[in-house]
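Note sheet for the following structure.
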Amino acid sequence: MRIGEIARLAGVSTRAVRHYHHIGLLPEPPRLGNGYREYALRDAVLLVRVRRLTELGLSLDEVRDVLADDAGRELVEVLEELDEDLARQETEVRARRERLAELLERAREGRLPAEGPVSPELAALFADMARVSAGRAGPEPRMAALDRELLVLMDSSFTGEDGTRMVAAMRDAVASPEAMERAYDLYARLDELEGADADDPRVGPAASLLVELLPDEVAERVAGAGPGARGAGGGFEGAFLAEFSPAQAEVVRRALRLAAERVGPARDTGRAGEAGRRAEGTDRVPDAGRAGRAEGERAEDGR
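At position 73 of the sequence shown the residue is numbered 667 (this note's numbering), and the sequence of numbers has no breaks.
Take a look at the structure:
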């Protein structure tokens with residue numbers, strides 16, 4: 595068979611056949627006197643096997659390992675790994691489709707927030723905010739819209755269970771109508787500080803209200819990413835405060851300091867407990883080692 599014939603028979607392109615020759619995956623057959631390669635049936639069988647393995651998702655390096663393993667052990671291991679990988683992908687696709695279905699339902703009902711698409715948890719929080727805002731006199735505070743933008747950033751930056759837990763904590767903190775009203779009172783206070791200086795006497799009460807509304811889990815996260823901190827939290831803070839007047843920015847900075855003071859003792863206690871557990875484990879290891887060596891020495895003496 596010529597290269598075009600074996601390619602058609604195996605269901606691949608002639609370019610693929612030449613590439614397999616080039617990388618040593620498919621042995622190159624001898625050439626005839628006219629310079630053409632002459633392929634045998636076993637070449638076609640090998641080429642079909644290569645095609646089937648690549649269709650399963652194996653890389654060419656993995657295909658080479660499988661072909662080199664006559665006992666088939668490599669193939670079993672590769673296929674098991676591939677099956678696990680496909681199972682993970684299947685789970686991820688299923689989760690994405692479930693989220694898409696929720697977003698599609700909200701969009702069809704006109705309930706998708708302007709900041710969307712966002713996670714279902716954040717969409718529910720925005721719906722709660724919209725209900726409270728609709729019942730208040732006058733336009734919505736500008737600070738409420740800025741807060742939603744920050745929440746969208748948080749929602750996209752914290753992945754998996756971490757992001758879900760953070761948004762759920764925020765929603766729980768304002769779950770009652772009274773708490774949500776207090777949040778909108780804070781938004782209104784911050785709007786009133788537009789253009790004010792950092793030493794405005796209204797800064798302190800607003801900062802106290804902000805830290806009261808901040809759940810412990812979120813407070814611990816933002817306290818660790820407060821002024822001067824490095825990482826994602828510092829980026830959030832910089833982007834958020836860039837939109838603020840000096841007084842509004844001071845409210846947030848002061849609230850971060852108050853949050854750090856509130857969650858600091860609990861965090862230090864947790865670290866101390868962890869250090870104690872590590873120390874106990876370190877103390878026990880040498881004792882166990884000495885006991886084992888002593889037992890071994892007694893056994894050796896018995897021989």
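The C-beta atom is built at its ideal place from N, Cα and C for all residues, glycine as well.
Margin query: Spatial neighbours of Arg796 within its chain, please: C-beta separation below 8 Å, excluding the five flanking residues on both sides.
Written below: Arg783, Glu786, Leu787, Ala790 and Ala841
Check: When burial is assigned at 16 or more other CB atoms within 10 Å of the CB, is Ser713 buried or exposed?
Finding: buried
Margin query: Check this for me: beta carbons of Val687 and Leu641, under 8 Å apart or not?
Written below: no
Next item on the list: Pick out whichever of Asp749, Glu811, Met774 and Thr648 has its Cα sitting closest to the Cα of Ala724.
Entry: Met774
Notebook entry, point to check: What does a CB cutoff of less than 6 Å around Val768 pick up in its chain, not counting 5 residues either side in sequence?
Noted result: Met774 and Ala777
Notebook entry, point to check: Among residues of its own chain, excluding the 5 on either side of Ala888, which ones have a beta-carbon nearer than 6 Å to its beta-carbon?
Noted result: Unreliable placement is indicated for Ala888, whose pLDDT of 45 sits below 50; the coordinate value is still reported in the next sentence. The answer is none, since no qualifying residue turns up.
Notebook entry, point to check: Any idea which residues DSSP pairs Met847 with across the strands?
Noted result: Checking the sequence, you will find Arg at residue 847 rather than Met. Arg847 pairs with nothing; no bridge assigned.
Notebook entry, point to check: Taking Cβ positions, are Val644 and Leu619 nearer each other than 8 Å?
Noted result: yes
Notebook entry, point to check: Leu603 to Glu622, Cα distance in whole Å?
Noted result: 17 Å
Next item on the list: Please state whether DSSP places Arg625 in a helix, a strand or coil.
Entry: strand
Checklist line | Euclidean distance between Cα positions of Phe838 and Tyr781 | finding: 12 Å
Next item on the list: For Arg658, name the three-state secondary structure that DSSP assigns.
Entry: helix
Notebook entry, point to check: So the alpha helix (DSSP H) Tyr614 belongs to, where does it begin and stop?
Noted result: Thr608 to His616
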